[in-house]
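Trainee:
Numbering (my numbering), first residue to last: 796 to 1025.
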């Protein structure tokens, strides 16, 4: 695993890289890791829930990333957080791994905010992390109880709805000075960029082809408090 990560990061020419821990379960199964059949996989064992049930799998990844951090600029990101306990347990495993390896450098450790519960628990989660990322695809799905790949309920999957934007504003306010990045399809929506900036987001994770256009748009904006262009 370490060799594969080194090869991938080397291609990025020393740019900082955020590596999300294995995020499987739900809509992301793995052939080599048999998962129990679940009535609703999206609400079942996935992300950090799965990793905490398989400690060797978690520690193997943490060990590789901590070793990599001794020579590369990487961050560790915990996926599918719901409770403060999720992050606290993952942080303990991370700290124990760093100690066991005698790591001189500890990579920044962060959490992915992808559930309404996590979004409303940012002050508690923040005590255990160095940065946060907001995953808007899953956050939208869980906020509106509508599967993003289910055509029967796609009218409920509204990532520009006022309810979701209000939830995002709460996350920004509660994160304070903690580094915060907005991820997912929403982050690349040019028509929503003024509103997202007005809410307080200053770091966006988007597909590479979208970067030039969004940067040009940002240069033209002057924002008032309501997020509208002036």
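Every residue, glycine too, gets a C-beta built ideally from N, C-alpha and C.
Express the C-alpha separation of residue 983 and residue 856 in angstroms, rounding to a whole number.
Mentor: Whole-angstrom Cα-Cα distance: 29 Å.
Trainee: What does the Cβ neighbour count give for residue 816, buried or exposed, with the cut at 16 atoms within 10 Å?
Mentor: buried
Trainee: The alpha helix (DSSP H) spanning residue 939 covers which residue range?
Mentor: Residue 939 -> no alpha helix (DSSP H), and no H or E assigned at all.
Trainee: By the 10 Å Cβ neighbour count, where 16 or more other Cβ atoms means buried, how is residue 1023 classified, buried or exposed?
Mentor: Here the model assigns residue 1023 a pLDDT of 49, short of 50, so the residue's position is not dependable and the matter cannot be decided.
Trainee: So, with DSSP's three-state summary, where would you put residue 976?
Mentor: strand
Trainee: Taking the C-alpha atoms as reference points, what is the distance between residue 1025 and residue 949?
Mentor: Caution is warranted here: a pLDDT of 46 is assigned to residue 1025, below 50, making its placement in the model unreliable, and the coordinate value is therefore given only provisionally. Straight-line Cα distance between these residues: approximately 33 Å.
Trainee: For residue 1001, write down the residues that DSSP places opposite it in a beta bridge.
Mentor: The partner list for residue 1001 (beta bridge, DSSP) is empty, contrary to what the question assumes.
Trainee: For a minimum of 3 consecutive residues, which ranges assigned as the beta strand (DSSP E) are wholly contained in the region 887-974?
Mentor: 904-908, 926-930
Trainee: Among 818, 934, 1016, 819, whose alpha-carbon lies nearest the alpha-carbon of residue 962?
Mentor: 934
Trainee: Would you be able to state if there are at least three C-beta pairs under 8 Å between the region 940-955 and the region 994-1014?
Mentor: no
Trainee: Note down the Cα distance separating residue 814 from residue 871, rounded to an integer number of angstroms.
Mentor: Straight-line Cα distance between these residues: approximately 5 Å.
Trainee: With H, G and I counted as helix, E and B as strand and the rest as coil, what does DSSP make of residue 1024?
Mentor: Because residue 1024 sits at a pLDDT of 46, beneath the cut-off of 50, its placement in the model cannot be relied upon, and the following sentence gives the value as read from the coordinates. Residue state, collapsed to three classes: strand.
Trainee: Secondary structure at residue 862, three-state DSSP: helix, strand or coil?
Mentor: helix
Trainee: How about residue 996 and residue 977: are their beta carbons less than 8 Å apart?
Mentor: yes
Trainee: Please report the straight-line C-alpha distance between residue 939 and residue 799, rounded to a whole angstrom.
Mentor: In this model, residue 939 and residue 799 are separated by some 38 Å (Cα to Cα).
Trainee: Let's see if you can read the secondary structure: which residues bound the alpha helix (DSSP H) around residue 989?
Mentor: Per DSSP, the continuous alpha helix (DSSP H) segment holding residue 989 begins and ends at 988-994.
Trainee: Taking residue 904 and residue 974 to be in contact with their CB atoms under 8 Å, please state how far apart those CB atoms are, rounded to whole angstroms.
Mentor: In fact, because the Cβ distance is near 12 Å, the residues do not count as touching under 8 Å.
Trainee: Whole angstroms are fine: how far does the CA of residue 967 sit from the CA of residue 836?
Mentor: 29 Å
Trainee: Using 8 Å as the limit for Cβ to Cβ distance, is residue 935 near chain C?
Mentor: Note that chain C does not occur in the displayed structure, where there is just one protein chain.
Trainee: Can you tell which of 865, 946, 832, 944 has the C-alpha that lies nearest to the C-alpha of residue 896?
Mentor: 865
Trainee: For residue 827, count the other beta carbons within 10 Å of its own beta carbon; 16 or more makes it buried, fewer makes it exposed. Which is it?
Mentor: exposed
Trainee: Count the other CB atoms within 10 Å of the CB of residue 1014; is the residue buried (16 or more) or exposed (fewer)?
Mentor: Exposed, by the Cβ-count rule.
Trainee: Measure the alpha-carbon distance for residue 894 versus residue 886 and round it to whole angstroms.
Mentor: 12 Å
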